[in-house]
Every structure is written in C-alpha cells, then in structure tokens.
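S.K.: Below is a structure I'd like to ask you about.
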Amino acid sequence: MAKTFKKPEALSDQSTHYCPGCTHGIIHRLVAEVIDELGIRGRTVGIAPVGCAVLAYNYFTFDFQEAAHGRAPAMATGIKRVRPDLIVFTYQGDGDLASIGMGEIIHAANRGEKFTTIFVNNTVYGMTGGQMAPTTLQGQRTTTSPAGRNVEEVGMPVKIAELLSALETPAYITRQAVLKPKYIVRAKKALKKAFQYQIDGRCFSLVEFISTCPTNWGLTPVEAIKWAEDNMLPYFKLGEYKTPDDVEED
Amino acid sequence: MAYKHTINKDLCKGCGLCVAVCPKNVLEISDQVNSMGYFPAYQARPEDCVFCTTCCIMCPDVAISITKVVEEEEQE
Amino acid sequence: MGKILMKGNEAIGEAAIRAGCLNYFAYPITPQSEVAEYLSRRMPEVGGVFLQGESEIAVGNMLFGAAGCGARVFTTSSSPGISLMSEAISYISSAQCPVVFVNIVRGGPGLGGILPSQADYFQATKGGGHGDYRLLVMAPASVQEAVEMVMTAFPLAEKYRNPVMILGDGLIGQMMEPVEFPEHLRTEPSNKDDWATNGMDTRKSNKPNLVKSLFLSAELLEEHNVILKAKYDRMKQEEVRYEPYNIDTDYQALIVSFGTMSRVCRTVIDDLKAEGFETAMIRPQTLFPFPEEPIKQAALKESCKIVLSIELNMGQMVEDVERSVQGTRPVHWYGKAGGDVPTPEEVIDVIKSFF
C-alpha cells in the first residue's frame, strides 16, 4: 500500500554529524515523529548527554539543555519539579547513563520522576573513540578491552531495562531496537507510549534502543546491523519489562 | 494518484541500509560522489518501487521522502 | 513583623522564601541539615518545591535544569557537598544560569570536621570547579546579615545570570539570633524568555532556546569567555561591599577579617582601644569582588605599621590582602583551622607580638 513520508517538523534540516549508518539518526527521527504526532513541540524540553548525541540540540526544533556527563536525569528532575507542565526527555548513551550516570538514572526512576529517557545502547563509548562501556558484551573487543571484555575482571554487561524494572516505583520500562524496519516500527509505538505516560503524568518512562556503532565496531553499517542482531539481541532481550499497570495487577 | 520517491543525494551518507532493506531491490549505491564526499543511494530500478516507505523508515538521515504527485490531467 | 529569635540555618531557609524563591533542592550534611528539615515543612506551606536529591552531584544538576528553564532556585550545603557541586557550578556559570548556593563551611580538608571554618575561601573565590569562572561571594557575620545576603542574592544572580554564593560557617548556621525579613528585599523573578528553556509555547515563540556550555570552535569559546569575564569585571565595579571598623583613628595595625572571625576582631579592637592602642578593621562583605582598593588605602595610613589577615583557615584570604596592600606594609596571617575560634585574648597577644 503506497504511503507518503517526510521529515517531521520537530527535526531540523541540519545534516547530522553522526557516522554513515549510525542508528542515532533513526532514533532522532522517531523522537521527532512522536513529538509531532502528540503535538507537544511547544512545551517539550530535550536534554542532550555528553556523548555522540551531545549535538542533538542542533537536530531538533524545540528547547534543549545540554547536561554534564551522566547528569541528564538530574537536570530533567529539576525541570519537571519546577515546571511539571513541560514535557521533558533525556537522550543518553550507555556510557552516559549506565556508567557515570547510573546513580542519577536509578534515583530518578525510583522517585518516579515523570520524564522520559531515551537510552541508546550501542555497547561502546562512541564519541571518545570506542572504549568499553558497561554494556560492552563478553569478549567484545574495544579500544579499552583490546583482548575482549573479560567478565572475570570487569563483570558482565549491564542490563538497564531489567535493572530499573526491579524498582518498586511504577514505571514504563521497555527495550526496543532500531536494527530493522520491523523493530523500528515497534520501537516508535513504545516511544509514543512512553511520552503518553508522561503527558498523562503517570510515571517515569525509559525506552532502551539497541543500536549500532559501525565506526567503532569496525564494521560496515549493514554488517553492524547483523552483528547487533546476532550478538546483542540474544543478551539484551527486547520486550516490555515494566508498565505502571503491572503494579495494580499483582 | 501517483507518488514520487526522492533521495536527497546531498543528505545521504551512502550507508547502504536502505539498499539492504528495500523489499523490491530498487536501490543501489551510486558511483557519483555527493557534496559531502559520500556515494549516495539512488533508485536503480524506480519502476519496481511500490512506495512502501521501508527505506524511509530505515534511513538514519531522513534523506528519503515520498510525496503524492497530482498528475497534469487531474489538475485541469 | 518584629524580630524573632531564629537559628541561622532556619533563618536562611525562610529568607529564600521571603525573597521570592520557592524551589529548593538539597542533600543533608552537617552543619546545615536544619535548612532542609525546615524547608521540608515550609515549602509545601507556600506551594514551593522541596526535593532531597540522591547526592550533591545530582542536586547541583537539578538546580541547573530548574534554573535553565527559568525558575528561581537555591540550595544549601557544606564544604564537601560544595566540592561535589563544583562540576555543576562550572556548567551553570558557563551556561549563565542564576542559582544561589549557600555554603555553611565546616573544617577541612577531606571529611575534616563539623565545626566552623573559613577554609573554603579559595574554593569559593578562586573557583572550585574547572575553567575561567567566578562566583559572586558574600560572607555574612550574623544571622541577620545572612538573611539579607540570601535575599539580595537572587536579584544579583539574575542581574549577572551567574551563580551567587553565600559563604557562612558552622556558627552562622547553628547559632540563634533575632532576625527580621525586610519586605523591601523581596523581588519578582526577572523575565527569562530570551534565554530560558521554558517551552516555546510559554513565550509564544517558534525559536528554540538552548542552555549549554559546549563550544567546540576555539573562536566561539574564546568569545564566550570574554563575555563571562566582562560580567566578572562588572561585578568588580559595582558589587564590592565591605564594612570599616574604627577606621577614623591613628591605628597602628589594620585587621582584615570576615564572617564570624570579624566579630571576635571587633572585641579585640574595642579592648585594645580601652588600653589606648588603636587598631582598625576592614571587613569584606563580598569576598569576590574583593575590596582591594579600600584595603590598599587603609594600609597606607601613616600610623599603620602592619596588616593582619585573621581567618579560620591556614592562610587563604591573606594572599588577596597581600595583593591589595602591594608591599606597602608587612602583611601577616593568623588563624585556626580545626574548628576552634580564636579568643580575643589570643588575637590581642598576636597583635602585640608585632610591637
């Protein structure tokens, strides 16, 4: 069935600095599409991390703040507490969220802060050149795990969706992927649901996106998609890990 | 009702993801370098395109768009 | 409303509310946890925001986000907590957001102690975080002055779009003194539509605002630093405040002292005067901008033989005093860093030792 397709209003015209085939670009578009469809651009404030997406504010057409490394959830908390009517999201990579910012994300989720976090998991620190991250897979080589991640030395890759789902405070936690159109379509639904929970003032929401980093993985964009499917999805299982409705059911 | 599939060749970074996912194998990587120094994707077999937007969904750079085109005769 | 007897920490919390600041983010740390306890009750009464963060690092960034979207915000902490907030303070200064920080200083370094100290002078005035930034720093010597400084800090932070720090100490926070909250010091928050990320609908604009501190281009970062420096230079022109004491006499020694320590020095000056030995004091009320000129002039008095920087640390403000006196008189330091406050007698002995 033929359809039209165009750039969402919430996305700027600026070509991104992301590497060819980097899936940040897809996630940016999904965020912009959801913001357009929910008609909230005029009251949305995005918070950029330190990482490849630090320049995200150049690619969106609404208010933005740029956080110190790992601190976006605290900034988002600050905004939501003084202006609960604003729609706030943090956009963070795995180094930003799961390493230096682990304290901030856990406590924001545990307080039930009513903002949305977009968590881009590509197993490495992209901007700084491909170092090991908390989500680097066992045996995966990076610039700081040249012989492959040794779990005896640095432990197992962190599963953020499962970790945050263990908190008692109601939340919407889901892990999605942007590796293929079928995943992307599902990821967009989940992202829209996350923003809807925020609009309704219902709960904290986090969408983890399994993403690729062709440059630092040393693969072509197409090979990177395959590597992620073959290696990341078995460990980082997709799915809806927690929704605020669960609490009532128990 | 006709549709028009356009790849903005100066936004495309030639990553090839659209080529890989096109269900009708319409797209290929051009050998003409664009203004950013990339070899953009293009419609090698436009007649096979069914305007399903799969390539648009996969594109990380929002370089592909599909618009409705009102035919000349329909305008009169 | 007449004067009421209040603990310093609680008076500081009430002062913020009376100034028109209804948003407080904080983390417990002795000797100022009472501010949070007090505001956890008071803020709900006035429809304000009270939130205890998970760490001072988080609190610093909550303040940054909230100030960045246009709200008036403040926090109180103590020395180690301020160290943790220093990253955020550097970001806030560069992003030019108005935030008020109150540091009820305790003994350091490290975990240090919980008794009064002035050992965060360098941290406050020379930058505890990274990069070329300065804080406007005010040092109260009484609970009433702390109240007034907190209240004036908000319009000052907005005037300069820069963090302002109140540098108290454990005594200022813990002692009770009669206070009142001057109504004329209440101010309306300034309009921040031209820079705050308060939502495009709020300011009926289609142009996004951006609060950030990253400048990857050397020229832009240079330009940005020039803009920031111009503010600090302007502070030096317009915001220096100090209080002279016994300055119109032929004093033989000039004391420079601030906060709690300056109160002991007043007693010293009075006692020595009774013995016919004149001494005087310049009490900086702003530590940045530092009152260089008044100190320079006071040291040049014919009768003045020495200048003494008396502070509750191992010698920090003394460097600024030396810089101000410019070698025209010998400058000495005296102080204690463990938490004890020198007695008037001890200070008198030190002064006499130079004559």
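Protein chains in written order, with the working numbering: chain A, 1 to 250; chain B, 1001 to 1076; chain C, 2001 to 2355. From the three backbone atoms N, C-alpha and C, an ideal C-beta is built for every residue, glycine too.
Under a CB-based cut-off of 7 Å, is Ser211 of chain A close to chain B?
M.R.: As a working mapping, residue 211 of chain A is identified with position 211 in the first sequence. Closer than 7 Å: no.
S.K.: Use the C-beta contact count for Leu2005 of chain C: other C-beta atoms within 10 angstroms, 16 or more gives buried, fewer gives exposed.
M.R.: Reading the third sequence from its first residue, position 5 is the one you call residue 2005 of chain C. So Leu2005 of chain C ends up on the exposed side.
S.K.: In this structure, what does DSSP give as the bridge partners for Tyr172 of chain A?
M.R.: For the purposes of this step, residue 172 of chain A is taken as the residue at position 172 of the first sequence. For Tyr172 of chain A, which the question treats as bridged, DSSP gives the partners A:Ser205.
S.K.: In the DSSP assignment, the beta strand (DSSP E) including Leu2039 of chain C goes from what residue to what residue?
M.R.: Within the third sequence, residue 2039 of chain C is the residue found at index 39, counting from 1. No beta strand (DSSP E) contains Leu2039 of chain C, which is instead part of the alpha helix (DSSP H) from Ser2033 to Glu2045.
S.K.: At 7 Å on the CB atoms, spell out the chain A contacts of Cys1015 of chain B, in chain order.
M.R.: For the purposes of this step, residue 1015 of chain B is taken as residue 15 along the second sequence, with counting starting at 1. Ordered by position in chain A, the residues that pass the 7 Å Cβ test against Cys1015 of chain B are Pro20, Gly21 and Pro221.
S.K.: Any beta carbon of chain A sitting closer than 7 Å to that of Glu1076 of chain B?
M.R.: As a working mapping, residue 1076 of chain B is identified with position 76 in the second sequence. In this prediction, Glu1076 of chain B scores a pLDDT of 48, lower than 50, which makes its location untrustworthy; the coordinate-derived value is nonetheless stated afterwards. No, Glu1076 of chain B does not count as interfacial toward chain A.
S.K.: Mind the definition here: the region 2283-2303 of chain C touches the region 2320-2334 of chain C only if three or more C-beta pairs lie below 8 Å; say whether that holds.
M.R.: yes
S.K.: Residues of chain C with a CB under 7 Å from the CB of Ala147 of chain A: which are they?
M.R.: Position 147 of the first sequence, counted from the start, is the residue given in the question as residue 147 of chain A. Chain C residues near Ala147 of chain A: none, gap ~33 Å exceeds 7 Å.
S.K.: Run through chain C and tell me which residues come within less than 7 Å of His24 of chain A, C-beta to C-beta.
M.R.: Position 24 of the first sequence, counted from the start, is the residue given in the question as residue 24 of chain A. Neighbours of His24 of chain A on chain C: none; closest Cβ ~17 Å, over 7 Å.
S.K.: Could you tell me which of A:Phe60, A:Glu113, A:Lys80 and A:His28 sits nearest to Tyr172 of chain A, measuring between CA atoms?
M.R.: Here residue 172 of chain A refers to the residue found at position 172 when the first sequence is read from its first residue. Here the closest residue by C-alpha is A:Glu113.
S.K.: Tell me the rounded alpha-carbon separation between Tyr2251 of chain C and Pro2291 of chain C.
M.R.: In the third sequence, counting from the first residue as 1, residue 2251 of chain C sits at position 251. In the third sequence, counting from the first residue as 1, residue 2291 of chain C sits at position 291. Straight-line measurement puts the Cα of Pro2291 of chain C at about 19 Å from the Cα of Tyr2251 of chain C.
S.K.: Starting from the C-beta of Thr169 of chain A, find all residues in its chain whose C-beta is less than 6 Å away, skip the five residues before and the five after it, and write them out in chain order.
M.R.: What you label residue 169 of chain A is simply residue 169 of the first sequence in a count that begins at 1. Asn110 and Gly112, listed in sequence order.
S.K.: Which of helix, strand or coil does DSSP assign to Met2165 of chain C?
M.R.: Residue 2165 of chain C sits at position 165 when you count from the first residue of the third sequence. Three-state result, Met2165 of chain C: strand.
S.K.: Which same chain residues, not among the five before or five after Asp63 of chain A, have their C-beta less than 6 Å away from its C-beta?
M.R.: As a first step, residue 63 of chain A must be located in the first sequence, where it is residue number 63. Within the same chain, Asp63 of chain A has close Cβ partners Val45.
S.K.: Step through the CB atoms of chain B and report whether any lies within less than 7 Å of the CB of Thr4 of chain A.
M.R.: If you number the first sequence from 1, residue 4 of chain A lands on position 4. True, the Cβ-Cβ gap to chain B drops below 7 Å.
S.K.: Inspect the beta-carbon positions of Val2035 of chain C and Gly2013 of chain C and report whether they are closer than 7 Å.
M.R.: For the purposes of this step, residue 2035 of chain C is taken as the residue at position 35 of the third sequence. For the purposes of this step, residue 2013 of chain C is taken as the residue at position 13 of the third sequence. Contact: yes.
S.K.: Can you look up Trp2333 of chain C in the DSSP assignment and give me helix, strand or coil?
M.R.: Residue numbering aside, residue 2333 of chain C sits at position 333 when the third sequence is read from its first letter. Strand at Trp2333 of chain C.
S.K.: Closest Cβ-Cβ distance between Leu2210 of chain C and chain A: below 7 Å?
M.R.: Within the third sequence, residue 2210 of chain C is the residue found at index 210, counting from 1. With 7 Å as the cut-off, Leu2210 of chain C counts as an interface residue toward chain A.
S.K.: What did DSSP end up calling Lys80 of chain A once you bin it into helix, strand or coil?
M.R.: Within the first sequence, residue 80 of chain A is the residue found at index 80, counting from 1. In this structure, Lys80 of chain A counts as helix in the three-state DSSP scheme.
S.K.: In chain order, what residues of the same chain lie with their CB nearer than 7 Å to the CB of Tyr241 of chain A, ignoring the 5 residues before and after it?
M.R.: The residue you call residue 241 of chain A lines up with position 241 of the first sequence. Short of 7 Å from the beta carbon of Tyr241 of chain A, and not among the five residues preceding or following it, lie these beta carbons of its own chain, in chain order: Ala161, Glu162, Ser165, Ile173, Thr174 and Arg175.
S.K.: Step through the CB atoms of chain A and report whether any lies within less than 7 Å of the CB of Val1070 of chain B.
M.R.: For the purposes of this step, residue 1070 of chain B is taken as the residue at position 70 of the second sequence. So no, Val1070 of chain B is outside the interface.
S.K.: Considering only DSSP beta bridges, list what Met2138 of chain C is partnered with.
M.R.: By 1-based counting over the third sequence, the position of residue 2138 of chain C is 138. Answer by DSSP bridge pairing, in chain order: C:Ile2166 and C:Thr2286.
S.K.: Tell me whether Glu2180 of chain C sits in a helix, a strand or coil according to DSSP, three-state version.
M.R.: Position 180 of the third sequence, counting from 1, holds the residue named residue 2180 of chain C. Here DSSP, grouped into helix, strand and coil, assigns Glu2180 of chain C to coil.
S.K.: Consider the Cβ of Leu1027 of chain B: report whether some Cβ of chain A lies at a distance smaller than 7 Å.
M.R.: Counting from one through the second sequence, the residue named residue 1027 of chain B turns up at place 27. So no, Leu1027 of chain B is outside the interface.
S.K.: Look at the Cβ atom of Pro2098 of chain C, then the Cβ atom of Ala2157 of chain C, and state whether they are nearer than 7 Å.
M.R.: If you number the third sequence from 1, residue 2098 of chain C lands on position 98. If you number the third sequence from 1, residue 2157 of chain C lands on position 157. Yes.
S.K.: Against chain C, does Gln65 of chain A count as a neighbour if the rule is that its beta carbon must be under 7 Å from one of theirs?
M.R.: Position 65 of the first sequence, counting from 1, holds the residue named residue 65 of chain A. At least one chain C Cβ lies under 7 Å of Gln65 of chain A.
S.K.: Which residues in the same chain as Arg2161 of chain C place their Cβ atom closer than 8 Å to its Cβ, once the five residues preceding and following it in sequence are excluded?
M.R.: The residue given as residue 2161 of chain C occupies position 161 in the third sequence. For Arg2161 of chain C, same chain residues with a beta-carbon under 8 Å away, outside a window of 5 residues either side, are Gln2096, Cys2097, Pro2098, Trp2195 and Lys2231 in chain order.
S.K.: Residue ranges of each alpha helix (DSSP H) run of no fewer than 4 residues wholly in the region 23-48 of chain A, ordered along the chain?
M.R.: 24-38
S.K.: For Ala161 of chain A, does the three-state DSSP call read helix, strand or coil?
M.R.: Translated into positions along the first sequence, residue 161 of chain A becomes position 161. Secondary structure of Ala161 of chain A (DSSP, three-state): helix.
S.K.: For Val1033 of chain B, return the contacting residues in chain A, with the cut-off set at a CB-CB distance below 7 Å.
M.R.: The count along the second sequence starts at 1 and reaches residue 1033 of chain B at position 33. Simply none; closest approach about 13 Å.
S.K.: Leaving aside the five residues before and after Gln2144 of chain C along the sequence, list all residues of the same chain whose C-beta is less than 6 Å from its C-beta, in chain order.
M.R.: Start at 1 with the first residue of the third sequence, and residue 2144 of chain C comes out as number 144. Excluding residues within five positions, the ones whose Cβ falls inside 6 Å are Val2179.
S.K.: With 9 Å as the C-beta to C-beta threshold (strictly closer), list the residues of the region 75-96 of chain A near chain C in chain order.
M.R.: Met75, Ala76, Thr77, Gly78, Ile79, Lys80, Arg81, Val82, Arg83, Asp85, Leu86, Ile87 and Val88
S.K.: What is the C-beta distance between Gly1037 of chain B and Val222 of chain A, in whole angstroms, given that I count them as a contact (C-beta under 8 Å)?
M.R.: Position 37 of the second sequence, counted from the first residue, corresponds to residue 1037 of chain B. Position 222 of the first sequence, counted from the first residue, corresponds to residue 222 of chain A. So it is not a contact: roughly 20 Å between Cβ atoms.
S.K.: Is it the case that the region 89-97 of chain A contacts the region 137-147 of chain A, given that we only count it when at least three CB pairs across the two stretches are under 8 Å?
M.R.: Not touching, per the Cβ criterion.
S.K.: Which same chain residues end up closer than 7 Å to Glu104 of chain A when comparing Cβ atoms and leaving out the 5 residues on each side of it in sequence?
M.R.: Here residue 104 of chain A is taken as the residue at index 104 of the first sequence, counted from 1. Around Glu104 of chain A: Gly70, Arg71, Pro73 and Ala74.
S.K.: Leaving aside the five residues before and after Glu1076 of chain B along the sequence, list all residues of the same chain whose C-beta is less than 8 Å from its C-beta, in chain order.
M.R.: One-based indexing of the second sequence puts residue 1076 of chain B at position 76. Low per-residue confidence applies at Glu1076 of chain B: pLDDT is 48, beneath 50, and the placement is therefore not dependable enough to give any value.
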